[in-house]
Amino acid sequence: MSQAIHGAIGRRGFLAGTASAAAATAILVSGGAILKPSEAWGYEVKALKPGTMRTLVRMARDIYPHDRLADRFYVVAVKPQDEAAAKDPAIRNLLENGVATLDAAAKSKHGTPFVEVGWEADRVRLLRGMETDPFFQKVRGGLVTGLYNNQEVWPLFGYEGESASKGGYLERGFDDIEWL
Amino acid sequence: MAAQFDLNDDGLVVIVGSGAGGGTLGTQLALKGIRTVILEAGGRHEIEDFQNDEWGSFAQISWLDPRTTSGTWRVAKDFAGLPAWIVKAVGGSTIHWAGASLRFQPHEFKARTTYGEVAGANLLDWPITLEELEPYYARAEDRMGVTRTNGIPGLPGNNNFKVLKAGADKLGYKACHTGRMAINSQPRDGRASCRQIGFCFQGCKTGAKWSTLYAEIPKGEATGNLEVRPNCQVLKIEHDPQGKVTGVVYADGDGNLQRQKARVVAVAGNSIESPRLLLNSASNLFPEGLANSSGQVGRNYMRHMTGSVYGVFEDKVRMYRGTTMAGIVSDEARHDPYRGFVGGYEMETLSLGLPFMAAFLDPGAWGREFTSALDGYEHMAGMWLVGEDMPQERNGVTLHKETKDKYGMPVPNVHFDDHPNDVAMRNHAYRQGAELYNAVGAVRTFPTPPYPSTHNLGTNRMSERPRDGVINKWGQAHDVGNLFVSDGSQFTTGGAENPTLTIVALALRQADYIAEQMGRNAI
Ligand SMILES: Cc1cc2nc3c(=O)[nH]c(=O)nc-3n(C[C@H](O)[C@H](O)[C@H](O)COP(=O)(O)OP(=O)(O)OC[C@H]3O[C@@H](n4cnc5c(N)ncnc54)[C@H](O)[C@@H]3O)c2cc1C
Ligand code: SF4
């Protein structure tokens, strides 16, 4: 019964066709950390309609746009919403109805569902129109930890995370600033 | 060996809370040979349990029991259920604290006299002076190992400090250094020196930073006179028909109610829980709450004027490396009404990790203005602004009329409205902070709103006259001789300085007083 999200399965299929794809496509990002792109791609929805999930992912990027972050980080960030929806019908309704309202607004303004509105500025205007709604607040609130508390995104922001096990920064550049 | 006392032992000093106030008082009493039990609502998490993980640590040791908020402060909107950031664990908020340890300035003990009448403010002079507290400040600094006192060198400056210092020099500020910190810059008192780990707010993994958890309580326990009972939340203080307190009722780790008898009770649950407990201990004899004949219990809540300024620079700063509070500018701490407000403020470096930065930089904000700021995370420097706020009678803690916690105790509501003086000071501080960073080439600065309160003060204030406050100059309740308040809720006014050194100094002084009073059988 579970269906994979449109964009996600496409890329997953691509990866699956390549031998040891995950290893081969591991991305070396600034700061030297290796990110494994494999996990999040194949996310399969538990309770929400695939289209709803896809809209939430688009919304997530429009709310907190970071051009250097791949979609999979946004998928991971909204995943807890789907999980919560699976446990609580009230949350599922809130999300499904919220997306329906957003799509209705997009259709009346642009003639297309939200995800197909071409310009970010237009999508953001639609979101501004509903930013005090419980639906929007729930999605945005979840993203604060869903997106930024994911250790895999930290290197992309230059945040190094845990340091005690490495002996702190005393000998690792706590005072290495040179441009002053 | 840590003591184990009987519930019916009525010769004990019973302390509620094991943080800066309670942990210090309990240890000091034990060292003086006085049998003491500390009841602590939170668990005992030792250094090896600390996590270099902001949300993980927050979930592990914060006070997350339900609280409500009201008033015009922005925290009530952004964090309606979390008015304050307080630790619920043995050690209290001294696990999370940054370590800045500053003495009050002389005039700050005389706020009413110095500032005069400030409309809407419930200002009062402290019943003690700096001279009276000085010997105890000296003892507290020695005990806590405060840098730049007792011949202890300052900590080395990290990247965040270097930006602050360069900006301070450009603006002509003179009083800028790496602070007076209760963090070992060299091994001392059986604790290691700071390794610049950078998670001071999550518990110090080296033990370099002073905390009652490992720097005080074990010394008290070693005397055999101190017992610390974790996971024990005190719900009520009881008294006899003469109005002397006789003990406390608490819920133990299994949720069972227990009654611990006491000769003396000292309340040190931090400025939200302490008045909550007194209010919840109302009785026929004390219908408005214990020790509340003045009506001041829970009032005059102060949280310091706070705010932060973050600056983004062309090049990398990596402010998160090393001590969180790595330096200070004190030039604005003076009282100088020509700036448009009374009292002063300190500027202290601050760094948040990416997860907390996302939550606190501009709560509720979204879109590119916000995310482009976070994109500059590695290029950011940050400072916290902390100054004296005005005590206002309406700001404070009340018992919620309907909502109760899991033990049936009404949850506290925390009400706060900024005073115009607080607003004027914050605006001044935002301006100076931004200028400081602009002077060293900031491309953008952010005036970040206050976080949930870390400095909670004033809700059981000291006063000369019983009608103006809850306790006398020793922290002893005006109404009840064997009841004490031993935490930050004692503060008559807040001063510009971070409060913990003063809390510890007051606790050491109070220990002398309690010992003397017990010795004379006065209590
Ligand atoms: C992130 C952060 C950074 C800080 N940095 C600094 C700094 O650099 N300098 C500075 O001076 N201050 C700083 N502070 C503030 C400092 O931590 C507090 O001022 C100080 O710890 C307050 O001491 P206290 O004794 O009043 O309360 P706490 O230390 O909070 O202790 C109160 C204890 O009482 C317990 N308790 C409460 N109610 C009950 C009950 N009913 N029964 C049993 N136990 C109870 C609590 O669980 C808690 O353990 C910081 C605080 C935070 C959160
Ligand atoms: S930076 Fe220093 S004081 Fe802070 S947690 Fe690390 S070792 Fe402790």
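Protein sequences appear in the order of chains X and Z. Oh and the first sequence: position 63 is 63 in the numbering used here, straight run, nothing missing. Oh and the second sequence: position 496 is 1496 in the numbering used here, straight run, nothing missing. Each residue gets a CB set at the ideal place from its N, CA and C atoms; glycine is no exception. Quick caveat, the model's predicted, so the values are computed rather than measured.
> Among Z:Arg1263, Z:Gln1296, Z:Val1264 and Z:Gly1253, which one has its Cα closest to the Cα of Ser1271 of chain Z?
Replying inline: Against the second sequence, residue 1271 of chain Z aligns to sequence position 271. Among Z:Arg1263, Z:Gln1296, Z:Val1264 and Z:Gly1253, the Cα nearest to that of Ser1271 of chain Z is on Z:Gln1296.
> In whole angstroms, what separates the C-alpha of Ile63 of chain X from that of Met1409 of chain Z?
Replying inline: If you number the first sequence from 1, residue 63 of chain X lands on position 63. If you number the second sequence from 1, residue 1409 of chain Z lands on position 409. Straight-line Cα distance between these residues: approximately 40 Å.
> Per DSSP, what kind of secondary structure is Asn93 of chain X in: helix, strand or coil?
Replying inline: To locate residue 93 of chain X, count along the first sequence from 1; it is residue 93. Looking at Asn93 of chain X - three-state DSSP - the assignment turns out to be helix.
>> Suppose only complete runs of 4+ residues qualify. What are the alpha helix (DSSP H) ranges in the stretch 1153-1222 of chain Z, listed by chain order?
In response: 1159-1171 and 1217-1222
>> Below 9 Å on C-beta distance, what does Lys1162 of chain Z contact in chain C?
In response: The question asks about chain C, but that chain is absent: this structure's protein chains are X and Z.
> Between which two residues does the beta strand (DSSP E) containing His1400 of chain Z stretch?
Replying inline: Start at 1 with the first residue of the second sequence, and residue 1400 of chain Z comes out as number 400. Counting along the chain, the beta strand (DSSP E) containing His1400 of chain Z begins and ends at Gly1396 to Lys1404.
> Near ligand 2, which residues have their beta-carbon less than 7 Å from any of its heavy atoms, given in chain order?
Replying inline: X:Gly168, Z:Gly1099, Z:Ile1183, Z:Cys1194, Z:Arg1195, Z:Gln1196, Z:Ile1197, Z:Gly1198, Z:Phe1199, Z:Cys1200, Z:Cys1204, Z:Lys1205, Z:Thr1206, Z:Ala1208, Z:Lys1209, Z:Gly1322, Z:Thr1323 and Z:Thr1324
> Going by the CB atoms, is the gap between Ala1266 of chain Z and Ser1486 of chain Z shorter than 7 Å?
Replying inline: Reading the second sequence from its first residue, position 486 is the one you call residue 1486 of chain Z. Reading the second sequence from its first residue, position 266 is the one you call residue 1266 of chain Z. In this structure, Ala1266 of chain Z lies closer than 7 Å to Ser1486 of chain Z by Cβ.
>> Under 7 Å, Cβ to Cβ, is there at least one residue of chain X near Asn1158 of chain Z?
In response: Within the second sequence, residue 1158 of chain Z is the residue found at index 158, counting from 1. Closer than 7 Å: yes.
> By a C-beta neighbour count over all protein chains shown, 10 Å radius and 16 as the cutoff for buried, is Arg1318 of chain Z buried or exposed?
Replying inline: For the purposes of this step, residue 1318 of chain Z is identified with residue 318 of the second sequence, where counting begins at 1. It counts as buried.
> Arg140 of chain X touches chain Z at which residues, Cβ-Cβ below 9 Å?
Replying inline: Your numbering for residue 140 of chain X matches position 140 in the first sequence. Result: Gly1364 and Trp1366.
> Do the stretch 1334-1354 of chain Z and the stretch 1181-1191 of chain Z touch if we need at least three Cβ pairs shorter than 8 Å?
Replying inline: no
> Is there at least one non-hydrogen atom of ligand 1 closer than 6 Å to the beta-carbon of Val1265 of chain Z?
Replying inline: Counting from one through the second sequence, the residue named residue 1265 of chain Z turns up at place 265. Because no heavy atom of ligand 1 lies under 6 Å away, the Cβ of Val1265 of chain Z does not count as near it: no.
>> I'd like the list of long-range same chain contacts for Met1144 of chain Z, defined as Cβ closer than 8 Å, with 5 residues on each side in sequence excluded.
In response: As a first step, residue 1144 of chain Z is located in the second sequence; it is residue number 144 there, counting from the start. Result list for Met1144 of chain Z: Ser1101, Ala1182, Trp1210, Ala1215, Leu1501 and Val1504, in chain order.
> Per DSSP, what kind of secondary structure is Ile1503 of chain Z in: helix, strand or coil?
Replying inline: The count along the second sequence starts at 1 and reaches residue 1503 of chain Z at position 503. In this structure, Ile1503 of chain Z counts as helix in the three-state DSSP scheme.
> Just how far apart, CA to CA, sit Thr1403 of chain Z and Ala1282 of chain Z?
Replying inline: In the second sequence, the residue the question calls residue 1403 of chain Z occupies position 403. In the second sequence, the residue the question calls residue 1282 of chain Z occupies position 282. If you take the alpha carbons of Thr1403 of chain Z and Ala1282 of chain Z, they lie about 18 Å apart.
> Of all the CB atoms in chain X, is at least one closer than 7 Å to the CB of Ile1183 of chain Z?
Replying inline: Within the second sequence, numbered from 1, the residue matching residue 1183 of chain Z stands at position 183. Output row for Ile1183 of chain Z: interface = no.
> Mind pulling the chain X residues with CB within less than 8 Å of Pro1355 of chain Z?
Replying inline: Within the second sequence, the letter at position 355 stands for residue 1355 of chain Z. Going along chain X in sequence order, the residues near Pro1355 of chain Z (Cβ under 8 Å) are Thr145, Tyr148 and Asn149.
> Based on the DSSP secondary-structure assignment, which residues constitute the bridge partners of Tyr1310 of chain Z?
Replying inline: Reading the second sequence from its first residue, position 310 is the one you call residue 1310 of chain Z. Paired residue(s): Z:Gly1382 and Z:Phe1446.
> Under a CB-based cut-off of 7 Å, is Gln980 of chain Z close to chain X?
Replying inline: This structure leaves residue 980 of chain Z out entirely; chain Z is present only between 1001 and 1523.
> So, Gly168 of chain X versus Ala77 of chain X, is the Cβ gap smaller than 7 Å?
Replying inline: As a position in the first sequence, residue 168 of chain X is number 168, starting the count at 1. As a position in the first sequence, residue 77 of chain X is number 77, starting the count at 1. In this structure, Ala77 of chain X does not lie closer than 7 Å to Gly168 of chain X by Cβ.
>> If I measure Cβ to Cβ from Thr1036 of chain Z and keep anything under 7 Å in the same chain, skipping five residues before and after, which residues do I get?
In response: Position 36 of the second sequence, counting from 1, holds the residue named residue 1036 of chain Z. The answer, listed in chain order, is Leu1012, Val1013, Ile1015, Gly1026, Leu1029, Ala1030, Asn1225 and Leu1226.
> Hey, how far is the Cα of Thr1069 of chain Z from the Cα of Asp176 of chain X?
Replying inline: Locating residue 1069 of chain Z in the second sequence gives position 69, where the first residue counts as 1. Locating residue 176 of chain X in the first sequence gives position 176, where the first residue counts as 1. Roughly 43 Å between the two C-alpha positions.
> In angstroms, rounded to a whole number, what distance separates the CA positions of Glu1435 of chain Z and Lys1236 of chain Z?
Replying inline: For the purposes of this step, residue 1435 of chain Z is taken as residue 435 along the second sequence, with counting starting at 1. For the purposes of this step, residue 1236 of chain Z is taken as residue 236 along the second sequence, with counting starting at 1. The straight-line gap from Cα to Cα measures roughly 50 Å.
>> Within a Cβ cutoff of 7 Å, which residues of the same chain sit near Ala1119 of chain Z, ignoring the five residues on either side of it in sequence?
In response: Within the second sequence, the letter at position 119 stands for residue 1119 of chain Z. Nothing listed; no residue qualifies.
> Given that a residue counts as buried once 16 or more other Cβ atoms are within 10 Å of its Cβ, and exposed if not, what is Lys1162 of chain Z?
Replying inline: One-based indexing of the second sequence puts residue 1162 of chain Z at position 162. That one is buried.
> Is DSSP giving Tyr159 of chain X helix, strand or coil here?
Replying inline: Working through the first sequence from its first residue, we reach residue 159 of chain X at position 159. Looking at Tyr159 of chain X - three-state DSSP - the assignment turns out to be coil, as it is neither helix nor strand.
>> Among the candidates Z:Ala1121, Z:Gly1207 and Z:Val1146, whose CA atom is the shortest distance from the CA of Arg1191 of chain Z?
In response: By one-based count along the second sequence, residue 1191 of chain Z stands at place 191. The option with the nearest alpha carbon to Arg1191 of chain Z is Z:Gly1207.
> Cβ atoms of Lys1205 of chain Z and Ile1197 of chain Z: under 7 Å apart, would you say?
Replying inline: Against the second sequence, residue 1197 of chain Z aligns to sequence position 197. Against the second sequence, residue 1205 of chain Z aligns to sequence position 205. Yes.
> Counting contacts by CB-CB distance shorter than 7 Å, is Ala70 of chain X in contact with chain Z?
Replying inline: By 1-based counting over the first sequence, the position of residue 70 of chain X is 70. It does not: the Cβ of Ala70 of chain X has no partner Cβ on chain Z nearer than 7 Å.
>> Please confirm whether Ala84 of chain X has its beta-carbon closer than 7 Å to some beta-carbon of chain Z.
In response: If you number the first sequence from 1, residue 84 of chain X lands on position 84. Cβ-Cβ to chain Z under 7 Å: no for Ala84 of chain X.
> So what does DSSP say about Pro1337 of chain Z, is it helix, strand or coil?
Replying inline: Residue mapping note: residue 1337 of chain Z aligns to position 337 of the second sequence, counting from 1. DSSP places Pro1337 of chain Z in helix when its eight states are reduced to three.
>> Please report the distance separating the alpha-carbon of Gly1021 of chain Z from that of Ser1294 of chain Z.
In response: Taking the first residue of the second sequence as 1, we reach residue 1021 of chain Z at position 21. Taking the first residue of the second sequence as 1, we reach residue 1294 of chain Z at position 294. Whole-angstrom Cα-Cα distance: 23 Å.
>> So, for Ala60 of chain X: in the same chain, excluding its five sequence neighbours on each side, which residues have a beta-carbon less than 6 Å away from its beta-carbon?
In response: Position 60 of the first sequence, counted from the start, is the residue given in the question as residue 60 of chain X. Result list for Ala60 of chain X: Tyr74, Ala77, Val78 and Leu143, in chain order.
> By a C-beta neighbour count over all protein chains shown, 10 Å radius and 16 as the cutoff for buried, is Gly1157 of chain Z buried or exposed?
Replying inline: Locating residue 1157 of chain Z in the second sequence gives position 157, where the first residue counts as 1. Under this definition Gly1157 of chain Z is a buried residue.
>> Helix, strand or coil, according to DSSP, for Thr55 of chain X in the structure here?
In response: As a working note, residue 55 of chain X is residue 55 in the first sequence. Helix.
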